[in-house]
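Numbering (our numbering), first residue to last: 2 to 252.
Step one of this worksheet: look at the structure below.
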Amino acid sequence: MRIVVDAFGSDNAPSPEVEGAILAIKEEFCSKIILAGKENILRKQLEKFYYDPARIEILPASEIISMTDSPAAAIKKKKDSSLVRAAELVKEGKADCLVSAGNTGAVMTVSLLTYGRIKNVLRPAIAITLPTLQKPEIILDVGANVDCSPENLVQFAELGTLYSRFFHDVQNPEVALLNIGEESVKGNYLVKKVYAKLEADSNINFIGNIEGKDLLKGVADVIVCDGFVGNVMLKTVEGVALAIFSMMKEQ
Numbered sequence: 002m003r004i005v006v007d008a009f010g011s012d013n014a015p016s017p018e019v020e021g022a023i024l025a026i027k028e029e030f031c032s033k034i035i036l037a038g039k040e041n042i043l044r045k046q047l048e049k050f051y052y053d054p055a056r057i058e059i060l061p062a063s064e065i066i067s068m069t070d071s072p073a074a075a076i077k078k079k080k081d082s083s084l085v086r087a088a089e090l091v092k093e094g095k096a097d098c099l100v101s102a103g104n105t106g107a108v109m110t111v112s113l114l115t116y117g118r119i120k121n122v123l124r125p126a127i128a129i130t131l132p133t134l135q136k137p138e139i140i141l142d143v144g145a146n147v148d149c150s151p152e153n154l155v156q157f158a159e160l161g162t163l164y165s166r167f168f169h170d171v172q173n174p175e176v177a178l179l180n181i182g183e184e185s186v187k188g189n190y191l192v193k194k195v196y197a198k199l200e201a202d203s204n205i206n207f208i209g210n211i212e213g214k215d216l217l218k219g220v221a222d223v224i225v226c227d228g229f230v231g232n233v234m235l236k237t238v239e240g241v242a243l244a245i246f247s248m249m250k251e252q
């Protein structure tokens with residue numbers, strides 16, 4: 002597998018991207034890593050490590066899309082950005098996938114403009130794999146779509162099911178709907194409509210609602226929610242984890 006990395010996407014770029022590339026090569030995670038970004042800076046970073054130069058390449062790109070840039074405007078104006086150049090490399094078949102820790106909106110926009118959508122997919126969703134007490138748990142959407150229709154969430158359940166089946170080897174993934182209560186009558190209009198549709202869908206192994214307190218228990222393989230709820234949930238989990246680590250260090 003050939004992975005192209007937007008080497009100037011993260012807040013502390015390119016140090017984490019370069020270190021991650023070195024680790025991926027050492028662990029034989031992939032055959033080649035291509036770092037997209039400012040060549041002179043990347044070469045200086047790479048000089049700090051011992052690695053096989055045949056397995057790490059640099060794709061020169063003179064511009065950077067920052068976290069504060071407007072996604073659509075940045076993609077159109079910054080054609081020589083590390084993100085745009087990396088996305089184009091995948092489209093050209095010279096890389097198999099793109100990795101970026103950059104502006105989420107920009108990554109989503111460049112992906113849509115460069116690759117398009119799979120046939121019949123209404124909207125793309127951002128999915129994460131959350132470690133739990135029992136098993137990996139896929140949650141989607143966590144930020145791509147703050148406003149969703151019932152059809153969108155049902156399709157997220159279908160996409161999550163496929164993801165769990167092919168990447169986590171779960172033959173019949175259990176799907177749950179994130180809600181304020183476990184009962185079918187709980188929730189707002191959107192969630193109630195989605196519940197009814199998922200319950201009636203024979204292609205989805207729907208097990209009902211799940212509350213936020215049960216997210217880390219590994220109750221389901223796939224958890225579905227709209228991007229607004231999912232993003233708030235994700236940031237809350239991150240914040241709690243950081244707070245716990247800070248308290249442990251102080252003690």
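Every residue gets a Cβ at the ideal spot worked out from N, C-alpha and C, and that includes glycine.
Quantities reported herein were computed from a predicted structural model and do not represent experimental measurements.
Contact annotation, SER112 with ILE139: C-beta distance approximately 19 Å; criterion of less than 8 Å not satisfied. The bridge partners DSSP lists for ILE224 are ILE140 and ALA177. Annotation for ILE76: no beta strand (DSSP E) segment contains it, though the alpha helix (DSSP H) segment containing it runs 72–78.
Put simply, the backbone Cα of LYS198 is about 7 Å away from that of VAL155.
Counting every other CB atom within 10 Å of its CB across the protein chains shown gives GLU175 a total of 16 or more, marking it as buried.
For GLY38, the uninterrupted beta strand (DSSP E) segment begins and ends at 33–38. The beta carbon of THR133 sits closer than 7 Å to those of LEU217, LYS218 and GLY219, all from its chain and outside the five residues before and after it, given in chain order.
Secondary structure at ARG3: strand, using DSSP grouped into helix, strand and coil. Looking at the DSSP output, VAL100 sits in a beta bridge with VAL6. Excluding sequence positions up to five before and after ALA75, its CB lies within less than 6 Å of the CB of ILE66 and ALA107, all in the same chain and listed in chain order. For the 9 Å CB-CB criterion, ALA37 and LEU90 form a contact. If you look at GLU18, you'll find it in the alpha helix (DSSP H) that goes 16–27.
Below 8 Å, enough C-beta pairs join the region 143–162 and the region 228–239 to call them touching: three or more.
ILE127 sits in coil when the DSSP states are folded into three classes, being neither helix nor strand. Where ASN121 is concerned, there is no enclosing beta strand (DSSP E), because DSSP gives it neither an H nor an E. Residue range 206–211 is occupied by the beta strand (DSSP E) that includes PHE207.
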